[in-house]
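Visitor: One structure coming up, written as structure tokens, with questions to follow.
There are 2 protein chains.
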Amino acid sequence: MGKFLTKREDNYSQWYNELVIKADLAENSAVRGCMVIKPYGYAIWEKMQAALDQMFKDTGHVNAYFPLFIPKSFFSKEAAHVEGFAKECAVVTHYRLRNTADGKGIEVDPDAKLEEELIVRPTSETIIWNTYKNWIQSYRDLPILCNQWANVVRWEMRTRLFLRTAEFLWQEGHTAHATEEEAVAETVQMINVYSDFAENFMAMPVIKGHKTANERFAGALDTYTIEALMQDGKALQSGTSHFLGQNFAKAFDVQFANKEGKLQHVWATSWGVSTRLMGALVMAHSDDNGLVLPPKLAPYQVVIVPIYKGDEQYAKVKEAGNKIKEELKDFGITVKFDDRDTHKPGWKFAEYELKGVPIRIALGARDLENGTVEVARRDTLEKNTYPQENIAKVVKNLLNDIQENIYNKALNYRKEHTFSANNWDEFVDYLDNKGGFVYAHWDGTTETELAIKDKTKATIRCIPIDNPLEDGKCILTGKPSTQKVLFAKSY
Amino acid sequence: MGKFLTKREDNYSQWYNELVIKADLAENSAVRGCMVIKPYGYAIWEKMQAALDQMFKDTGHVNAYFPLFIPKSFFSKEAAHVEGFAKECAVVTHYRLRNTADGKGIEVDPDAKLEEELIVRPTSETIIWNTYKNWIQSYRDLPILCNQWANVVRWEMRTRLFLRTAEFLWQEGHTAHATEEEAVAETVQMINVYSDFAENFMAMPVIKGHKTANERFAGALDTYTIEALMQDGKALQSGTSHFLGQNFAKAFDVQFANKEGKLQHVWATSWGVSTRLMGALVMAHSDDNGLVLPPKLAPYQVVIVPIYKGDEQYAKVKEAGNKIKEELKDFGITVKFDDRDTHKPGWKFAEYELKGVPIRIALGARDLENGTVEVARRDTLEKNTYPQENIAKVVKNLLNDIQENIYNKALNYRKEHTFSANNWDEFVDYLDNKGGFVYAHWDGTTETELAIKDKTKATIRCIPIDNPLEDGKCILTGKPSTQKVLFAKSY
Chain Z
176 MGKFLTKRED
186 NYSQWYNELV
196 IKADLAENSA
206 VRGCMVIKPY
216 GYAIWEKMQA
226 ALDQMFKDTG
236 HVNAYFPLFI
246 PKSFFSKEAA
256 HVEGFAKECA
266 VVTHYRLRNT
276 ADGKGIEVDP
286 DAKLEEELIV
296 RPTSETIIWN
306 TYKNWIQSYR
316 DLPILCNQWA
326 NVVRWEMRTR
336 LFLRTAEFLW
346 QEGHTAHATE
356 EEAVAETVQM
366 INVYSDFAEN
376 FMAMPVIKGH
386 KTANERFAGA
396 LDTYTIEALM
406 QDGKALQSGT
416 SHFLGQNFAK
426 AFDVQFANKE
436 GKLQHVWATS
446 WGVSTRLMGA
456 LVMAHSDDNG
466 LVLPPKLAPY
476 QVVIVPIYKG
486 DEQYAKVKEA
496 GNKIKEELKD
506 FGITVKFDDR
516 DTHKPGWKFA
526 EYELKGVPIR
536 IALGARDLEN
546 GTVEVARRDT
556 LEKNTYPQEN
566 IAKVVKNLLN
576 DIQENIYNKA
586 LNYRKEHTFS
596 ANNWDEFVDY
606 LDNKGGFVYA
616 HWDGTTETEL
626 AIKDKTKATI
636 RCIPIDNPLE
646 DGKCILTGKP
656 STQKVLFAKS
666 Y
Chain S
176 MGKFLTKRED
186 NYSQWYNELV
196 IKADLAENSA
206 VRGCMVIKPY
216 GYAIWEKMQA
226 ALDQMFKDTG
236 HVNAYFPLFI
246 PKSFFSKEAA
256 HVEGFAKECA
266 VVTHYRLRNT
276 ADGKGIEVDP
286 DAKLEEELIV
296 RPTSETIIWN
306 TYKNWIQSYR
316 DLPILCNQWA
326 NVVRWEMRTR
336 LFLRTAEFLW
346 QEGHTAHATE
356 EEAVAETVQM
366 INVYSDFAEN
376 FMAMPVIKGH
386 KTANERFAGA
396 LDTYTIEALM
406 QDGKALQSGT
416 SHFLGQNFAK
426 AFDVQFANKE
436 GKLQHVWATS
446 WGVSTRLMGA
456 LVMAHSDDNG
466 LVLPPKLAPY
476 QVVIVPIYKG
486 DEQYAKVKEA
496 GNKIKEELKD
506 FGITVKFDDR
516 DTHKPGWKFA
526 EYELKGVPIR
536 IALGARDLEN
546 GTVEVARRDT
556 LEKNTYPQEN
566 IAKVVKNLLN
576 DIQENIYNKA
586 LNYRKEHTFS
596 ANNWDEFVDY
606 LDNKGGFVYA
616 HWDGTTETEL
626 AIKDKTKATI
636 RCIPIDNPLE
646 DGKCILTGKP
656 STQKVLFAKS
666 Y
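Order-wise, the sequence lines are chains Z and S. Quick note on the numbering used here: the first sequence kicks off at 176 and runs consecutively. Quick note on the numbering used here: the second sequence kicks off at 176 and runs consecutively.
This is the structure:
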């Protein structure tokens, strides 16, 4: 399997596209830009969802569900939002089909035209704030801490599986607060949740920071982001948390009576991560042999492959394999015992390497005699022989070790690909010849930001939180600057 | 709260509509026919999802995700399916909006018309079988046992929260098999899963059976259903499982090479339950005071309400309440301690009664002195005083008792409202004056079925599985019949 995969250094982009399909994560569908998430890919997404959902609930949030469709007029209510979101959308104009005159097909019934077109949600601020208007009268109704797991649609012209698709799955949190302080604290809390999730579950180090005004969410006063570095030296925005101020409350006239009975506009946040994280996960860790999955998100952490000749050996190996499987399960390890006799061990080895199963246990006739198993780690490809006795404990420790190791590997990669540029030539050299994150001074204007992007294709990924202040000169204009910000080429 | 609810006997339909809204389960949205599922309602749906999802996985199924949109032409490929599903649908015709000439609003960009219209999925057989075509070549690729949790849209003219909405949430299983026997066995297995879920989690007895040809899913050779009886004597179809034969395999040209290398069409099933189950749950058990939730699906099984005067008592009651809360949690019981000082105990009692929390524990100053608590059951409204010691065990047993009791109550209601009619007058009398399920002979023709519906509004809910055979005469036509089938008026 692995050998049919393009190598990263030959063509990183092609490597990614092939891997997503060959590892059975997702594929393109008959509908332009919409993907099919295959069972193996969806199982990873389910693990992501479960971990995130628990983190949301632990921080006091509840789930709810809001309509798929948004009346067109809602988008016009918040001035910045309409510019950012109401353009490339799927528009529902009719609600009925009819048979064609020749009886051979179906066509849109022109009599079933909607009075007002409906937009398939690209994000749900507008419909949710229109709903919150009825939920909020008094300070006693606040805060509202809702999250929604949903599909959204943005009509992208150039799509790539997981990274940019017309339809994608995500969660969107939408909270309402009595005070600015509380809303800002919520915004920060959620970017920290995302950062914890990325680092502790995805084993993917991220840099937290503010987006520049130019890169902010449409309608936000401040956007926090987590930025991860992929193995081709490009950044991937992996999650955002927005402080929306009172913009949506004003647009949808959502006010509450405070303790003194005075009417005030509500403060808002929204925050989301999507199936794009699947793309990040693939690109952060995988290698030329296939996926490398962190044990905490792997659909199964261990696969057991029997090696045998003839029915008698098969029966014995099956018995021993099942015993080990049960022992691992009792230790809380997820395990698959692939005892199919339709595929050879070599085929299975390649298959599970491609699919990134963290640990492979091979069990042959000699192992039965010796009371041993062969254990292979996916991250390092190391193989070792262990006694069958206490194997669950060995595997448990190995899984922890793998989770830690792939995080450290990604962190080291990032360290090796993070630079600090002191002048324009250095800046361009790092971007063009090394790749990665480049810290550099910037004069704080959108004009300069766009000019740098125009010349280098690099954008400001974020102004990192707790960025050290230092006097300097803008890399492009030479104007005074108080801090270096984080540049990179990006997805 | 409860006293503001219309009584069931005065107006059952209005009672339902009010209850769904007042108990914070769902509400109508700004988009006609689309509902907002509120956090409390969604928490119940999440419990349903978790239980069903586990049952699906325990029977070998995996989750996947397929596109929201289906090309219009796909619906024309299966003749029966197009008649049943491709009519009242949301149709996407454009993919872009633009600013209006006056700059004040947005409008559909006429240049962004899709070549082929996309239908928002009303069900996914077509797009999924178009996908399976690429997944299936050999018998080794079978069976495919996929489930999808998704939103679907059917443009209903008259909608009611949960029972019939334009957009609803559901799961749809789509399986592919090498043989007819295996597909039929899958169809039966899944209706049994639904039946188990309805009875053991929802505490709602159901009758399993076959739909008549007239009531079958569009494209199915056989449709199994579970039918539940609501408290107004009307039936509610609560889940269906379809044996699709080779219809979709033929429509989408899905063939596999069997062990002998011969190409054959694949056999299919599909099966689903939806947020309609939320409506069934409300209607099956609730009373004039509000919701009655089965403990297995209640967002929290126990609420603790403190009763106190002054800060000193408040502090003591809070301490004791938190202790009880932790004890219950350690027993695996979900519990909310409502220690808010913004609402009075009487308000809280009414609120949690309305919301159907199975057990309410009240804790006052006298309880602290006596080492007791007052425990109220929502199902019977009985109150008893118990020692605080070992309270978790008492509550655990009570929860089991409540789960059983509401099932038995619903079963008794059904027994009392199930009749067997031997002639037309009896049949009409049962339907009009008693309400409920009526067994009666039927000559097996669609013509008679429709005539009966026309005269009585009753439909054949199902031909129960393992129905006893007996010779008789059709209730309407007097023609020979071999079994009584199950009639009722229905939702």
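Don't be surprised by glycine CBs; every beta carbon is placed ideally from N, CA and C.
Quick one: Cα of Z:Tyr605 to Cα of Z:Arg391, how far?
Guide: 26 angstroms
Visitor: Which runs of the beta strand (DSSP E) at least 3 residues long sit entirely within the region 459-498 of chain Z? Give them in chain order.
Guide: 477-481
Visitor: What does the alpha-carbon distance come out to for the pair Z:Ala426 and Z:Thr444?
Guide: 14 angstroms
Visitor: Can you give me the C-alpha to C-alpha distance between S:Ile534 and S:Pro380, rounded to a whole angstrom?
Guide: Within the model, the alpha-carbon separation for S:Ile534 versus S:Pro380 is close to 22 angstroms.
Visitor: Considering only the beta carbon of each residue, do Z:Glu291 and Z:Ser251 sit closer than 8 angstroms?
Guide: no
Visitor: Work out the CA separation of Z:Tyr307 and Z:Ser665 for me, nearest whole Å.
Guide: One Cα belongs to Z:Ser665, the other to Z:Tyr307, and the distance between them is close to 36 angstroms.
Visitor: Give the residues of chain Z in contact with S:Arg271, contact being defined as C-beta atoms less than 8 angstroms apart.
Guide: Lys262, Glu263, Cys264, Val266 and Trp330
Visitor: Go through its chain and collect everything with a Cβ distance to S:Gly465's Cβ below 8 angstroms, but skip five positions before and after it.
Guide: Met176, Gly177, Leu180, Leu194, Lys197, Ala198, Glu528, Leu529, Lys530 and Gly531
Visitor: Provide the residue span of the beta strand (DSSP E) that contains Z:Leu320, from first to last.
Guide: Ile319 to Val328
Visitor: Verify whether the separation of the beta carbon atoms of Z:Ser413 and Z:His349 is less than 8 angstroms.
Guide: no
Visitor: Listing by chain order, which chain Z residues have their CB less than 7 angstroms from the CB of S:Thr234?
Guide: Contact annotation for S:Thr234 against chain Z: no contact, minimum CB-CB distance about 15 angstroms [criterion: below 7 angstroms].
Visitor: May I ask you to report which of helix, strand or coil DSSP gives S:Asp533?
Guide: In the sequence under discussion, the amino acid at residue 533 of chain S is Pro, which differs from the Asp named in the question. DSSP places S:Pro533 in coil when its eight states are reduced to three.
Visitor: Please list, in chain order, the residues of the region 642-658 of chain S that have any C-beta partner in chain Z closer than 9 angstroms.
Guide: Listed by position, the residues of the region 642-658 of chain S near chain Z (Cβ gap below 9 angstroms) amount to none.
Visitor: To the nearest angstrom, how far is the alpha carbon of S:Glu356 from that of S:Thr362?
Guide: 10 angstroms
Visitor: Which chain Z residues are close to S:Gly610, counting only those with a beta carbon under 7 angstroms from its beta carbon?
Guide: Correct list: empty, because the minimum Cβ distance to chain Z is about 33 angstroms.
Visitor: Residues in its own chain within less than 6 angstroms of Z:Val492 by CB, not counting five upstream and five downstream?
Guide: Pro481, Tyr483 and Leu538
Visitor: Against Z:Phe512, what residues of chain S qualify as contacts under a CB-to-CB distance less than 7 angstroms, listed in chain order?
Guide: Those within 7 angstroms of Z:Phe512 in chain S number zero; the least Cβ separation is about 15 angstroms.
Visitor: Curious, which full-length alpha helix (DSSP H) runs of at least 4 residues does the region 203-249 of chain S contain?
Guide: 214-233, all fully within the region 203-249 of chain S.
Visitor: Does the Cβ-Cβ distance between Z:Leu651 and Z:Ala633 come in under 8 angstroms?
Guide: no
Visitor: Roughly how many whole angstroms lie between the Cα atoms of S:Glu564 and S:Asp505?
Guide: 14 angstroms
Visitor: Exposed or buried, Z:Val474, counting other C-beta atoms within 10 Å across all chains shown (16 or more means buried)?
Guide: Reading off the sequence shown, one finds Pro at residue 474 of chain Z, where the question assumed Val. Z:Pro474 comes out buried.
Visitor: If you draw a straight line from the alpha carbon of Z:Ser416 to that of Z:Ile366, how long is it in whole angstroms?
Guide: The straight-line gap from Cα to Cα measures roughly 6 angstroms.
Visitor: Contact between the region 447-464 of chain S and the region 329-348 of chain S is defined here as three or more beta-carbon pairs at a separation below 8 angstroms; is this criterion met?
Guide: Taking 8 angstroms as the limit for Cβ pairs, the verdict is that the region 329-348 of chain S does touch the region 447-464 of chain S.
Visitor: Suppose you measure from the CA of S:Phe372 to the CA of S:Leu227; what does that come to, to the nearest Å?
Guide: Cα to Cα, S:Phe372 sits roughly 7 angstroms from S:Leu227.
Visitor: If contacts are defined as beta-carbon pairs under 8 angstroms, then S:Gly610 and S:Met453 qualify, I think. What distance do you get, rounded to the angstrom?
Guide: Wrong, their Cβ atoms sit about 23 angstroms apart, outside the cutoff.
Visitor: In chain order, what are the residue ranges of uninterrupted alpha helix (DSSP H) at least 4 long that sit wholly in the region 545-606 of chain S?
Guide: 566-591 and 599-604
Visitor: By the three-class DSSP mapping on this structure, what secondary structure does Z:Gly611 have?
Guide: coil
Visitor: Any beta-carbon of chain S closer than 8 angstroms to the one on Z:Thr517?
Guide: yes
Visitor: Rounded to the nearest angstrom, what separates Z:Glu342 and S:Leu404 at their Cα positions?
Guide: 39 angstroms
Visitor: If you measure from the beta carbon of Z:Leu200 to each beta carbon in chain S, is any gap under 8 angstroms?
Guide: no
Visitor: From which residue to which residue does the beta strand (DSSP E) around S:Val295 run?
Guide: First-last of the beta strand (DSSP E) with S:Val295: Lys288 to Val295.
Visitor: Taking Cβ positions, are S:Ala378 and S:Cys321 nearer each other than 8 angstroms?
Guide: Going by C-beta atoms, S:Ala378 is not nearer than 8 angstroms to S:Cys321.
Visitor: At a CB distance below 8 angstroms, what residues from the region 293-309 of chain S approach chain Z? Give them in sequence order.
Guide: Residues of the region 293-309 of chain S that bring their beta carbon within less than 8 angstroms of a beta carbon in chain Z comprise Leu293, Ile294, Val295, Ile302, Asn305, Thr306 and Asn309, in sequence order.
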